[in-house]
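Trainee: What follows is a single structure, and I will ask about it in a moment.
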Amino acid sequence: MKAFILAAGLGTRLKPLTDNRPKALVEIKGVPLLEIVIKRLIKFGFDEIIINVHHFSTQIIDFLKEKNNYGINISISDECDLLLDTGGGLKKVSWFFSDKSPSLIHNVDILTNLDLTFLYNSHLKNNSVATLAVQNRKSSRYFLFDDDKNLCGWRNSKTGEEIITREYTGKLIPLAFSGIHIIDSRIFNFMPDDKVFSIVKLYLDIAKEQRITYFDHTGSQFIDLGRKENLSEAEKLINYY
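In this note's numbering, the protein residues as written are 725 to 965.
Below you can see the structure in the form of structure tokens.
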């Protein structure tokens with residue numbers, strides 16, 4: 725199975741830790757975030773991985789060489805010349821997913837004990853373009869779903885901004901995105917002409933006519949390691965992963 729690790733971010737929220745290294749190589753008890761994610765993917769049967777890089781990219785490339793790519797097929801998508809955002813980054817690696825099987829996308833700064841097999845199998849049953857891992861937890865931003873689990877919109881709870889892209893009945897359910905998702909190969913048919921765009925915008929555009937749904941893993945451990953204040957909390961949980 726194939727997976728895409730999003731690791732090209734600048735890691736600004738982790739400064740000064742990212743002043744001389746990429747976010748992907750920030751460590752929890754001596755273990756880089758990238759290694760934690762790769763080993764979890766291998767545990768769940770993902771043996772072909774592509775990683776996008778930008779900030780201190782050569783450090784990631786050298787790190788993977790030292791680790792002998794963890795004994796699996798690991799490719800690099802170089803965004804050194806232009807940071808493409810999450811959607812643009814996925815568009816650039818479309819060639820990697822040419823076998824048409826569903827694939828996983830995983831942010832490098834997410835620590836969770838979510839069962840990726842359950843997530844993958846849920847997607848296979850959904851007949852959806854994408855299945856997003858979500859939780860019912862406090863967040864500043866939410867995806868909005870209807871009673872049939874269709875993505876209908878997005879909301880920023882701090883600014884009050886709300887985007888509705890699909891008609892719905894009843895009350896919308898706000899759920900926080902976990903930075904892990906399964907995509908169907910059909911997603912590449914809906915890519916915009918733009919080079920740089922967010923995957924959130926892509927999902928909202930697709931949801932106008934196609935099914936984007938969710939997998940609720942509320943109750944699973946989850947830490948967003950893109951924030952420095954969460955690193956100490958993660959050190960208490962590293963043994964669970």
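Note that CB positions come from ideal geometry on N, CA and C, so glycine has one too. Since this is a predicted model, take the numbers as computed values, not measurements.
Can you check DSSP and say which residues form a bridge with H905?
Mentor: Answer by DSSP bridge pairing, in chain order: I829 and L856.
Trainee: Thinking Y938 and L899 are a contact (beta carbons under 8 Å), I'd like their distance in whole angstroms, please.
Mentor: Indeed they touch by this definition, with Cβ atoms about 6 Å apart.
Trainee: Just list the residues that DSSP pairs N937 with in beta bridges.
Mentor: Going by the sequence as given, residue 937 is Thr instead of Asn. In the DSSP output, where bridge partners are listed per residue, T937 has T855.
Trainee: Could you check whether F820 and F728 sit closer than 9 Å to each other, using their CB atoms as the reference points?
Mentor: Yes, the Cβ-Cβ distance between F728 and F820 is below 9 Å.
Trainee: Check whether the region 816-834 touches the region 939-954, taking contact to mean three or more Cβ pairs, one atom from each stretch, closer than 8 Å.
Mentor: The region 816-834 is in contact with the region 939-954.
Trainee: When the Cα atoms are used, what is the spatial distance from E891 to L875?
Mentor: Rounded to the nearest angstrom, the two C-alpha atoms are 10 Å apart.
Trainee: Within its chain, find whatever has a CB closer than 6 Å to the CB of G769; leave out the 5 residues flanking it on each side and keep chain order.
Mentor: So the qualifying residues of the chain are M725.
Trainee: I'd like the list of long-range same chain contacts for I784, defined as Cβ closer than 8 Å, with 5 residues on each side in sequence excluded.
Mentor: These residues qualify, in order along the chain: A731, P746, A748, L749, L758, I775, V777 and I800.
Trainee: According to the Cβ coordinates, are R865 and F901 closer than 9 Å?
Mentor: In contact: R865 and F901 (Cβ atoms closer than 9 Å).
Trainee: Beta-carbon within less than 6 Å of D908's beta-carbon, same chain only, minus the 5 sequence neighbours each way: which residues are those?
Mentor: Once the five neighbours on either side are set aside, the close Cβ partners of D908 are P826 and V853.
Trainee: Is it the case that the Cβ atoms of T836 and Q945 are separated by a distance below 9 Å?
Mentor: It is a contact, given that the beta carbons lie within the stated cut-off.
Trainee: By the 10 Å Cβ neighbour count, where 16 or more other Cβ atoms means buried, how is G894 classified, buried or exposed?
Mentor: With fewer than 16 Cβ atoms within 10 Å of its Cβ, G894 is classed as exposed.
Trainee: Would you be able to state if there are at least three C-beta pairs under 8 Å between the region 953-963 and the region 876-883?
Mentor: Judged by Cβ distances under 8 Å, the region 876-883 makes no contact with the region 953-963, as fewer than three pairs qualify.
Trainee: According to DSSP, is I796 part of a helix, a strand, or is it coil?
Mentor: Coil.
Trainee: In the DSSP output, which residue or residues are listed as bridge partners for S801?
Mentor: Note: S801 sits in a beta bridge opposite N776.
Trainee: Can you name, in chain order, every residue of its own chain whose Cβ lies under 6 Å from the Cβ of E803, other than the five neighbours on each side?
Mentor: Cβ within range, chain order: A732, N776 and H778.
Trainee: What span of residues does the alpha helix (DSSP H) with Y927 cover, start to end?
Mentor: It spans I923 to I930 - the alpha helix (DSSP H) in which Y927 sits, taken as one unbroken run.
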